[in-house]
Every structure is written in C-alpha cells, then in structure tokens.
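Colleague: Before we start, here is the structure in question, set down as structure tokens.
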Amino acid sequence: MKNYFNKEEIKKIEIVNAGMGMNHRTKPFDFKNAEDLNEAFKLSVCEFLDYKEYWSIMVDLDENFDESVEYYDPTNWINMSIDQSIDDKLLIKAIKSIRNTEDVLEKLYSRAEEKCRKMVEIILKSESDIQDKILGKHYVYDNKLVEKIFDDEGIFNMEYHYKMEESYKAFIGYINEILQDE
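Structure below.
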C-alpha cells in the first residue's frame, strides 16, 4: 500500500487540516496497534464500498441509457448493436463518456477491493485480542475466509451506507454474519 506521508504531503495535509478544521492523518499506520489497524481498516472498507457503489451506479446508468437509446433512437441503437457506425456525434460522446467513466470507476473499485482484502488478511492474521477489538470476534486465518468475505454475491447484496461509521459497522456485521460458522 502506498505510503501517503512524505514531508511535502504532510505539509499539505496540515495546511488543509488547519484551514478547514479537518483532522486528516499525517503519520503512517502502525498495524501492530489495534487503534491504528482499526482506523486503516475503516478507511479501506469505506473506500471499497463507496467505489463499489459508484461503479454499480455507472453500470446501471449504462444499461438504462442503452434502453433509452433503444426507445428514442432505434435506428442508431440497431446500428450500434450490429457494429455499424452512427453519425450522431452527441450520442457517440455520451456513450463513450459513460463507458469511460464506468471503466475508470471499475478500476478504482478493483484497486480498493485489493487494498481492503489485504487489510482483512492482516486483521485475520492478527492476535486474538486485536481481532476482538476490531471484529468483536476471533477467527483462525484461512485464505478461504477472505474469499468468502469478498464473494461477489454477498458483497453486492450488502446495503450501501454513505456515512463512514454506518458503512464500517455494516461491513463488520457482514463479516461476522458470513463467517459465523467458522
């Protein structure tokens, strides 16, 4: 994972914190410290769930837009469906913009998922007292547990929460529900 805390970036964060009354972190996480590990995990979980949500919205938008083109501009929709060129530059621009945004958000989602997976592995490999503080339970690490947590069917059925605390609590609940028999 990228270390965001070089001297130049620390100064920028401190200026933003001072000027806007924020409290963004300016020091690296210590993963042996339960509070630091919990904070890093919360950030990775919320980033993952937010980007998953945004990508899902774009997938839905792409599908809905395609249906609109089908209904309102069937000639171009048919031509697009059979790889024929279309001459509506505005329509082409809209389609490309939606697809490009969808692709970029999918990459952000995938990167955030990988980061979150690594954090889950770190936590599941941690001592039982650290796991208890973060997850409320202790599990014996097995790579299958991580795969079970990140199963697409389960992850995509989770209710989305925009607020970080709610999102994080929901994910912890999801983990414990998925791993309840482990």
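Per the numbering used here, residue 2 is the first one in the sequence shown, and the count goes up by one each step.
We put the beta carbon where it would ideally sit given N, CA and C, even for glycine.
(1) The alpha helix (DSSP H) with residue 186 in it runs from where to where?
(2) I'd like to check one pair, residue 149 with residue 180: are the Cβ atoms closer than 8 Å?
(3) Hey, out of 92, 56, 86, 131, whose CA is closest to residue 73's CA?
(4) Between 182, 160, 138, which has its C-alpha nearest residue 145's C-alpha?
(5) Quick check: the Cα distance between residue 119 and residue 140, rounded to an integer number of angstroms?
(6) Which residue marks the beginning of the alpha helix (DSSP H) containing residue 161, and which one marks its end?
(7) Can you tell me whether residue 53 is buried or exposed, with buried defined as 16 or more other CB within 10 angstroms of its CB?
Modeller: In short:
(1) Past the boundaries of the shown model lies residue 186; the chain is included only from 2 to 183, so the question cannot be answered.
(2) yes
(3) 92
(4) 182
(5) 16 Å
(6) Segment: none, residue 161 is in no alpha helix (DSSP H) and carries neither H nor E.
(7) buried
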